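Residue numbers (the numbering used here): 65 to 294.
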């Protein structure tokens with residue numbers, strides 16, 4: 065096995081904590097709208113306990129069903145980091161369970177996002193610690209490697225680089241490059257104002273303005289038929 069598949073990078077630059085905090089109450093849907101509606105990991109990576117997360121990505125690239133490097137990552141990760149584990153969506157062997165989850169919580173990590181399987185679901189689903197995963201199995205993991213820590217990884221259809229901002233809620237998980245964070249904060253505020261206006265109009269006037277949709281139909285040469293008897 066090449067040395068490149070046994071690489072462990074101990075640290076990396078993270079966004080300023082004050083900037084990260086500004087994303088704590090922003091919905092993933094609004095962030096996705098700011099990024100051409102294409103910021104989310106695949107929809108099979110779901111919350112298991114409806115706990116939101118936000119924090120810099122601490123990336124782990126593992127072999128199918130093997131969690132050796134997850135333990136090393138737990139030792140190296142800093143408070144607030146989100147463990148982002150590329151497990152190849154392997155569904156038949158759990159990468160983590162109660163022990164790893166509770167230690168990550170005690171270390172005040174930001175959460176775990178796993179493209180793979182977990183176990184001890186009854187315990188994990190009742191924790192206050194945010195965990196996102198794809199599946200559940202009682203089968204335990206191997207502990208042999210190989211793998212990499214804190215290199216760019218592919219997970220859920222996206223490339224994630226150490227230090228990218230990870231935001232997760234009941235809708236899913238999105239990835240934000242640090243260079244885009246300030247711009248997104250500005251755009252999200254504009255979206256929030258617009259949506260509040262729409263919701264107020266629905267609540268007070270029972271009206272949703274969809275003139276834009278009719279304009280789109282006209283532009284695309286749609287036509288209406290009053291009635292069709294089949």
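Cβ atoms here follow ideal geometry from the backbone N, Cα and C, with glycine treated the same way.
Computed from a predicted model, the values in this text were never measured in an experiment.
From what residue to what residue does the alpha helix (DSSP H) around residue i run?
| i | result |
| --- | --- |
| residue 139 | 132-140 |
| residue 273 | From DSSP, residue 273 is part of no alpha helix (DSSP H); its letter is neither H nor E. |
| residue 84 | 81-85 |
| residue 71 | Premise fails: residue 71 is in no alpha helix (DSSP H) and is neither H nor E. |
| residue 188 | 185-188 |
Would you report the Cα separation of residue i and residue j, rounded to the nearest angstrom?
| i | j | result |
| --- | --- | --- |
| residue 65 | residue 211 | Unreliable placement is indicated for residue 65, whose pLDDT of 42 sits below 50; no coordinate value is reported for it. |
| residue 247 | residue 98 | 9 Å |
| residue 330 | residue 75 | Residue 330 lies beyond the stretch modelled for the chain, which goes from 65 to 294, so this question has no answer here. |
| residue 84 | residue 109 | 22 Å |
| residue 132 | residue 231 | 26 Å |
| residue 273 | residue 262 | 8 Å |
| residue 148 | residue 114 | 17 Å |
| residue 291 | residue 216 | 56 Å |
| residue 100 | residue 275 | 22 Å |
| residue 195 | residue 88 | 16 Å |
Name the DSSP beta bridge partners of residue i, please?
| i | result |
| --- | --- |
| residue 223 | 218 |
| residue 122 | 147 |
| residue 197 | 110 |
| residue 341 | Since the first residue shown for the chain is 65 and the last is 294, residue 341 is missing from the structure and cannot be characterised. |
| residue 213 | 72, 124 |
| residue 287 | In the DSSP output, where bridge partners are listed per residue, residue 287 has none listed. |
At which residues does the beta strand (DSSP E) containing residue i begin and terminate?
| i | result |
| --- | --- |
| residue 178 | 175-182 |
Quick check: is any heavy atom of the ligand GDP less than 7 Å from the C-beta of residue i?
| i | result |
| --- | --- |
| residue 122 | The ligand GDP is not part of this structure, which contains no ligands at all. |
Mind checking residue i: buried by the 16 CB within 10 Å criterion, or exposed?
| i | result |
| --- | --- |
| residue 214 | buried |
| residue 224 | buried |
| residue 234 | exposed |
| residue 288 | exposed |
| residue 157 | buried |
Considering only residues of the same chain and omitting the five flanking positions on each side of residue i, which have a CB-CB separation below 6 Å?
| i | result |
| --- | --- |
| residue 144 | 119, 174 |
| residue 94 | 252, 255 |
What residues in its chain sit with their C-beta under 7 Å from that of residue i, if we drop five residues either side in the sequence?
| i | result |
| --- | --- |
| residue 219 | 105, 148, 150, 179 |
For residue i, I'd like the list of residues in its chain whose CB is within less than 8 Å of its CB, leaving aside the five on either flank, ordered along the chain.
| i | result |
| --- | --- |
| residue 190 | 113 |
| residue 79 | 120, 227, 229, 242, 245 |
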